[in-house]
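Student: Just add 3 to the spot in the sequence shown (first one is 1) and you have this note's numbering. Here a beta-carbon is modelled for each residue, glycine too, at the ideal position from N, C-alpha and C. In this text the structure is predicted, and so the values were computed from the model without any measurement. Below are the structure tokens for one structure; questions will follow.
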Amino acid sequence: LPDHGELWSKAWKYEKHANTISLWTHGDQLNYRFAKHIELDGPKIHITYELESLEEVPFEYIWSAHPLLDIAEGDQLLLPDEISEVLLNWASDPNVGDLGDRLTWPRILGNNSNIDFNYVQNKSSEFAAKVFTDRMRNGKAGFYKQHTDET
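See the structure below:
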């Protein structure tokens, strides 16, 4: 599949309801259906995704959701307790590791580091990493905004 997959450039079908919108499309190179549901729940937004293989064989994938969020130092990424390591895709510091390396979460710079990546760091750290996990059992994660006390 192309970089960022084939979905971002496709036309999507959609249905709107009172507080929700559902969008879906189908793969071209592989036979699957992908759906995204967005629900407004008071001050919260719930985004859920579905991927359905339309073949008799399993469809293995990595889905990287990256909504645009207004983040600030101290905001918190909420991951299930079972996430104790992540797979490295990229890091701004090449000494962190190579593509596919397993790193300890949330201290991806090593257990001797005092940086907890569950929390947004000050931009002066000048460090960024793209990591994935294959350990989520229920597929749920969240984000806590410290300054506004919102999850």
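1. So for Asn-98, helix, strand or coil by DSSP?
2. DSSP on Lys-3, reduced to helix/strand/coil?
3. Hey, quick one: how far does the beta strand (DSSP E) through Asp-44 stretch, first residue to last?
4. Starting from the C-beta of Lys-133, find all residues in its chain whose C-beta is less than 7 Å away, skip the five residues before and the five after it, and write them out in chain order.
5. Can you give the Cα-Cα distance for Gln-190 and Glu-59, rounded to whole angstroms?
6. Go ahead and label Phe-62 buried or exposed: buried means 16 or more other beta carbons lie within 10 angstroms of its beta carbon, across all protein chains shown.
7. Taking DSSP as the reference, what is the three-state secondary structure of Ser-116?
8. Please confirm if the stretch 77-91 is in contact with the stretch 133-144, defined as three or more CB-CB distances below 8 Å between the two stretches.
9. Give me the residue from Phe-37, Glu-9, Gly-45 with the minimum Cα distance to Asn-22.
10. Excluding the 5 residues flanking Asn-77 on each side, which residues of the same chain have their C-beta closer than 7 Å to its C-beta?
Tutor: According to the data block:
1. Numbered from its first residue, the sequence shown carries residue 98 at position 95. Three-state DSSP puts Asn-98 in a helix.
2. The requested residue 3 is not part of the displayed model; the chain covers only 4 to 154.
3. The residue given as residue 44 occupies position 41 in the sequence shown. Start and end: 35-44.
4. As a first step, residue 133 is located in the sequence shown; it is residue number 130 there, counting from the start. Closer than 7 Å at the Cβ level, and outside the excluded window around Lys-133, lie Asn-92, Trp-93.
5. The requested residue 190 is not part of the displayed model; the chain covers only 4 to 154.
6. Numbered from 1 along the sequence shown, position 59 holds the residue referred to as residue 62. So Phe-62 counts as exposed.
7. One-based indexing of the sequence shown puts residue 116 at position 113. In the displayed model, Ser-116 falls within coil according to three-state DSSP, outside both helix and strand.
8. With a cut-off of 8 Å, the stretch 133-144 and the stretch 77-91 count as touching, because enough Cβ pairs lie within range.
9. Looking up residue 22 in the sequence shown gives position 19. Measuring from the Cα of Asn-22, the nearest candidate turns out to be Gly-45.
10. Here residue 77 refers to the residue found at position 74 of the sequence shown. What sits at residue 77 in the sequence shown is Gly, not Asn. So the list reads Tyr-122, Val-123, Gln-149, once near-sequence residues are dropped.
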